[in-house]
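Working notes, beginning with the structure itself.
Numbering (the UniProt record's numbering), first residue to last: 1 to 282.
What follows is the structure, encoded as C-alpha cells:
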C-alpha cells in the first residue's frame with residue numbers, strides 16, 4: 001500500500017502557506033474559526049468563521065491577528081473579508097449565557113455554530129489554540145492560529161470588530177464603565193468603576209472580580225445576575241433591562257445566526273484598544 005506524500009508547510013511560507021498546502025491536497029474550502037472576548041468580564045463572547053477564496057483574491061492586504069492591528073486597520077480588513085469571503089458567519093453569546101453555561105462550553109458551542117452556519121460547507125477546519133469537536137469534517141487546532149493561518153486571522157478580525165462595535169454601543173447604554181475604551185477587559189480603570197458603581201447586567205457574574213463587588217459571592221451565577229427588565233443596579237429606580245435573548249443575535253430579519261450576516265458596516269469606533277487586554281504584547 002502506497003503512503004501518500006507528506007505535505008510540507010514551510011515556516012517562512014507566510015500567513016497563507018497552511019491553507020495553500022491544504023488546498024494542494026484537495027481541501028478546496030478551508031474554514032478558520034476564532035473568538036473575541038474570552039478574557040473580558042463584561043459584554044458578549046463573539047465567535048466567527050470564514051472561508052477565503054483560493055488564489056490571489058483570498059490574499060487581503062493588512063490581514064493579521066486582530067490584536068496586532070490598529071482599530072482603523074481592523075475596520076479596513078473587516079470590510080475586505082466581508083467583501084471577498086466565500087462564506088462567513090458570526091455568533092454572539094450574551095453575558096448571561098456565559099454565566100449560565102460556562103465560558104469554555106459557550107466558546108466551543110459558538111465556534112461550532114459559526115462553522116455550521118457557513119453557506120459554503122468547509123472541507124477542512126482550522127481553529128485557534130484548541131480543537132472543536134462535533135464537526136463532520138477534518139480539522140486542526142493551530143497554536144497562535146490567528147498569526148499562522150489566513151482564514152483564522154480573518155475570523156479573528158470578524159469577531160473582534162463585531163464585539164468592539166457592540167461594546168461601543170453598550171457604553172452608551174451603561175455609561176461610567178468605559179466600555180468603549182477597554183471593551184470590557186479587566187483594566188485598572190474598569191476595576192475602579194466596578195468597585196465604585198457595582199456591576200451592570202452586561203457584566204459576567206460568574207467571574208470572581210464581578211462576583212466580589214456584586215455583594216452576592218456565595219450565590220450561583222444565575223442567582224447573582226439581575227433579572228431582565230428589573231431595576232438597573234447602576235441607576236436605581238430606572239428600568240433598564242431587556243428580555244432574555246437567544247444565543248445568537250440576528251443582524252437582519254430572517255437571518256439565522258450572527259450580527260454580521262447581512263449587517264451594514266457601522267462607522268469605525270474612534271477609540272483605541274490596548275493589545276495587553278487580550279494577552280498580546282505592545
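Just so it is clear, CB atoms sit at the ideal spot from N, CA and C, and this is done for glycine as well.
Residue 103 holds the alpha-carbon nearest to the alpha-carbon of residue 92 among 85, 103, 131, 20.
About 4 Å separates the CB atoms of residue 152 and residue 32; that is less than 8 Å, so the two are in contact. DSSP, reduced to helix, strand and coil, places residue 104 within a helical segment of the structure shown. The beta carbon of residue 129 lies closer than 8 Å to those of 141, 142, 143, 144, 145 in the same chain, with the five residues before and after it left out. Fully enclosed alpha helix (DSSP H) runs of no fewer than 4 residues occupy 150 to 173 of the segment 121 to 175, in order along the chain. Apart from sequence neighbours up to five positions away, the residues of its chain that approach residue 193 with a beta-carbon distance below 7 Å are 176, 177, 178, ordered along the chain. For residue 64, the three-state secondary structure derived from DSSP is coil.
With a cutoff of 8 Å on beta-carbon distance, residue 27 and residue 88 are scored as not near each other.
Residue 55 and residue 116 have their alpha carbons spaced roughly 24 Å apart. Short of 6 Å from the beta carbon of residue 112, and not among the five residues preceding or following it, lie these beta carbons of its own chain, in chain order: 132, 134. Under the three-state reduction of DSSP output, residue 81 falls in the helix class. Residue pairing for residue 203: DSSP places it in a beta bridge opposite 42.
Taking C-beta atoms as the reference points, residue 210 and residue 201 fail to come closer than 8 Å.
Put simply, the segment 42 to 56 touches the segment 151 to 170. At least three CB pairs are less than 8 Å apart. In the three-state scheme derived from DSSP, where H, G and I count as helix and E and B as strand, residue 59 is classed as coil. If you draw a 10 Å sphere on the C-beta of residue 98, you find 16 or more other C-beta atoms in it, and that means buried. Here residue 190 has 41, 42, 177, 178, 182, 184 as same chain residues with Cβ atoms under 8 Å from its own Cβ, once five neighbours each way along the sequence are excluded. Nearest to residue 95 by C-alpha distance, out of 121, 51, 36, is 36.
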